[in-house]
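**Student:**
There are 2 protein chains.
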Amino acid sequence: MADPSPSVVRAGYPVSRQVLADHVYEALLEWLMDGRLEPGAAVSIDGMARELDVSPTPVREALARLEHTGMVRRVALKGYRVAPVFTREDFAELMEARLSIEPVNARLACSRMTPDGLEALKQAVEDLKTAPRGGTFAEYRSYLEADERFHQLIAAQANNQFLLAAYNTLGGQIQRFRLFGGVGITDAEQAIAEHQAVLEAITSGDPEKAAAMMVDHVEKVRGRAMADAPED
Amino acid sequence: MADPSPSVVRAGYPVSRQVLADHVYEALLEWLMDGRLEPGAAVSIDGMARELDVSPTPVREALARLEHTGMVRRVALKGYRVAPVFTREDFAELMEARLSIEPVNARLACSRMTPDGLEALKQAVEDLKTAPRGGTFAEYRSYLEADERFHQLIAAQANNQFLLAAYNTLGGQIQRFRLFGGVGITDAEQAIAEHQAVLEAITSGDPEKAAAMMVDHVEKVRGRAMADAPED
DNA sequence: CGTCGTGCGTTCCTATAGGATTTGGACATG
DNA sequence: CATGTCCAAATCCTATAGGAACGCACGACG
């Protein structure tokens, strides 16, 4: 059976109570983002349960929730697999979707930005600048995290729960692509400058310019990735 | 225990094999759409299991999948509840989100429409025209279904898996609003004309006009619903 | 009469057991 | 060698049991 002294029974109240399935969910998400679970690999329910030292029930629940993120796919009676690597086609579709949603987010966020939000946004860009950009994944990590955080913050500041939900369906895929799309961070300086441009447009309170800068950024991301041209 | 002669053991192969959790998922979805589960009501796992004559395990999995649709909300250790009724604010946000996504879908669908897709779209509009529009819900039903199908088809024909996923995060909410937003189908004739206009723009192969007609449609939907002005 | 404590029922959550299904390989056959 | 069959292990799927927390009614007490 599982370890009878679970780590959740700390003294006092946990700030927000969580159940095992939540922990499993986050563990799996982290493994997926870390690349510890490679695209196409099978994710066995029983196997994960053994690995995490819990029963299959919470694993099953966590995977059911993960399915909608697109990170894993399920086939009835056959189990879950990590979503396959991005094809060139997938990537083009993803960028098309981003071009539809993110500029709108930027425009709205510009009008509705709170002081705290603006501060967080500046911090994200700052983190992008200072993040190490070595060759190993551990060094990528904080850079990628700051990148995702920047876009996520803008979506959140648009202050529209549905647009935020729509962005989040993309966000996970974007992050997944950053990891497995084949491109490293070849042109970090340019990318940072583009983020900076979006930030400045927002700071200056010009919604149309913010949207335009976001279009510019996403298009250039697409351009750089396409140029690097993975195999097919 | 559950009925030992499940209805799934038909002779021959089911086209696509399903497991109990899938049936539970669809049953719950139908109940939510039918209004049999009212907004704010608790959805007990054990209770649903008894009602559907299955064990709690598949119900738990189905609810986990339903959560991301926004139809139900979960609080750890407290269970699931049907999402509360739309506020005026929620509605405004939903329409803003639709205005960001659906015109893009219409523009792309116009360029990429397949003959079969166009046929299905025409059928949806036809169904809208012929659907009964009585006062009881049973008569609403086919009208609402055709309405949702029209928009869903356009999203699908945009031929972009991510935009489709993004739309689907809205689609359920839109359908839910149609049921619980407080407005009946007061101006069906106008709504049908607007759908017809979108269809004609697509048929004529004019992407910009298709997008414009979709903007027009959604804005007028918003206008009609806002005019009806529910309590708040 | 109002307040507090206690007990019971309900519900969520996790673990476990066992049936059903798939998969992979050994083995026999054309 | 290619192909089909059969078996065993792994896996998925569902049911069931029981612990823990929560809500609520009921009764005791100030």
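Heads up: the protein sequence lines correspond to chains A and B, in order.
Under my numbering, the final residue of the first sequence carries the number 259; numbering is consecutive throughout.
Under my numbering, the final residue of the second sequence carries the number 259; numbering is consecutive throughout.
For each residue, glycine too, the CB sits at the ideal point set by N, CA and C.
Model, not experiment: these values are computed from the prediction.
Grab me the residues of GLU166 (chain B)'s own chain with a C-beta within less than 7 Å of its C-beta, minus the 5 sequence neighbours each way, in chain order.
**Tutor:** So the list reads PRO159 and ARG160, once near-sequence residues are dropped.
**Student:** Which residues share a DSSP beta bridge with VAL131 (chain B)?
**Tutor:** Bridge partners of VAL131 (chain B): none, in fact.
**Student:** In the DSSP output, which residue or residues are listed as bridge partners for TYR107 (chain A)?
**Tutor:** A:VAL70 and A:ARG101, per the DSSP bridge assignment.
**Student:** Where does ASP174 (chain B) land, buried or exposed, given buried means 16+ other C-beta within 10 angstroms?
**Tutor:** Residue environment for ASP174 (chain B): buried (at least 16 other C-beta atoms within 10 angstroms of its C-beta).
**Student:** Mind pulling the chain B residues with CB within less than 7 Å of GLN188 (chain A)?
**Tutor:** GLU120
**Student:** What are the complete alpha helix (DSSP H) segments, minimum 4 residues, inside the region 111-193 of chain A?
**Tutor:** As far as the region 111-193 of chain A is concerned, its whole alpha helix (DSSP H) runs of at least 4 residues are 115-139, 142-157 and 164-184.
**Student:** Since PHE207 (chain B) and PHE113 (chain B) are thought to touch, with beta carbons under 8 Å apart, how far apart are those beta carbons, to the nearest angstrom?
**Tutor:** 6 Å
**Student:** Can you list, in chain order, the residues of its chain whose CB lies under 6 Å from that of LEU135 (chain A), leaving out five sequence neighbours each side?
**Tutor:** ALA185
**Student:** Quick check: what's the CA-CA separation for THR163 (chain A) versus SER169 (chain A)?
**Tutor:** Straight-line Cα distance between these residues: approximately 12 Å.
**Student:** With ALA69 (chain A) and ARG108 (chain A) assumed to form a contact (beta carbons below 8 Å), what rounded beta-carbon distance in angstroms separates them?
**Tutor:** 5 Å
**Student:** What would DSSP say about HIS95 (chain A), mapped onto helix, strand or coil?
**Tutor:** coil
**Student:** Secondary structure at GLN200 (chain A), three-state DSSP: helix, strand or coil?
**Tutor:** helix
**Student:** Taking only beta-carbon positions, decide if LEU115 (chain A) is within less than 8 Å of chain B.
**Tutor:** Here residue 115 (chain A) turns out to be Arg, not Leu, going by the sequence shown. Not one chain B Cβ lies under 8 Å of ARG115 (chain A).
**Student:** Any C-beta of chain A sitting closer than 8 Å to the C-beta of GLN45 (chain B)?
**Tutor:** Answer yes: the Cβ-Cβ gap between GLN45 (chain B) and chain A drops below 8 Å somewhere.
**Student:** One question on the structure: do GLN200 (chain B) and GLY97 (chain B) come within less than 8 Å of each other, judged by their Cβ atoms?
**Tutor:** yes
**Student:** Any beta-carbon of chain A closer than 8 Å to the one on ILE72 (chain B)?
**Tutor:** no
**Student:** Near ALA147 (chain B), what residues of its chain come up, given a Cβ to Cβ distance below 6 Å and the 5 sequence neighbours on each side ignored?
**Tutor:** LEU180
**Student:** Below 8 Å on the Cβ atoms is my contact criterion, and I expect ALA182 (chain A) with ASN132 (chain A) to pass it. Report the Cβ-Cβ distance as a whole number of Å.
**Tutor:** ALA182 (chain A) to ASN132 (chain A), Cβ: 5 Å. Contact.
**Student:** For a test of the three-state rule: what should DSSP assign to ASP255 (chain A), helix, strand or coil?
**Tutor:** helix
**Student:** Going by the CB atoms, is the gap between CYS137 (chain A) and GLY198 (chain A) shorter than 8 Å?
**Tutor:** no
**Student:** Start and end of the alpha helix (DSSP H) containing GLU221 (chain A)?
**Tutor:** Unbroken alpha helix (DSSP H) run through GLU221 (chain A): 215-230.
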